[in-house]
Amino acid sequence: MREKCGDGRAPYLYPGLNVMRNRLGSHPAPRLAQAAYELTALRAAPSALGPRVRGVPPRG
-7 MREKCGDGRA PYLYPGLNVM RNRLGSHPAP RLAQAAYELT ALRAAPSALG
43 PRVRGVPPRG
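Under the numbering used here, the first residue of the sequence shown carries the number -7, and numbering increases by one thereafter.
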């Protein structure tokens, strides 16, 4: 990868590791991969919050 700091390190990697900086603050690559898998599954699961039909409820 290309270094952009000029001192031989990439600013988007954790120092001494080949892992990109991330919002979870996770350093080990296997743990980061597991977290990505779990978060993707949560986002893909249908939400049970609220009604399934949007809009104005029918009169009845």
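Note that CB positions come from ideal geometry on N, CA and C, so glycine has one too.
Review point. With DSSP run on the structure shown, which of helix, strand or coil describes LEU9?
Key: Counting from 1 along the sequence shown, the entry for residue 9 is found at position 17. In this structure, LEU9 counts as coil in the three-state DSSP scheme.
Point to revise | Own chain, CB closer than 7 Å to TYR6, minus 5 neighbours either side, in chain order | key: Taking the sequence shown and counting its residues from 1, the one referred to as residue 6 is at position 14. Here the set comprises ARG13 and HIS19.
Review point. Cβ-heavy atom distance between ASN10 and the ligand GDP below 7 Å?
Key: Ligands are entirely absent from the displayed structure, and the ligand GDP is therefore not among its contents.
Check your understanding: Are ALA27 and LEU34 close, meaning C-beta to C-beta below 8 Å?
Key -> Within the sequence shown, residue 27 is the residue found at index 35, counting from 1. Within the sequence shown, residue 34 is the residue found at index 42, counting from 1. No, the Cβ-Cβ distance between ALA27 and LEU34 is not below 8 Å.
Review point. In the structure shown, what three-state DSSP assignment does ALA71 receive?
Key: Any question about residue 71 goes unanswered here, given that the chain covers just -7 to 52.
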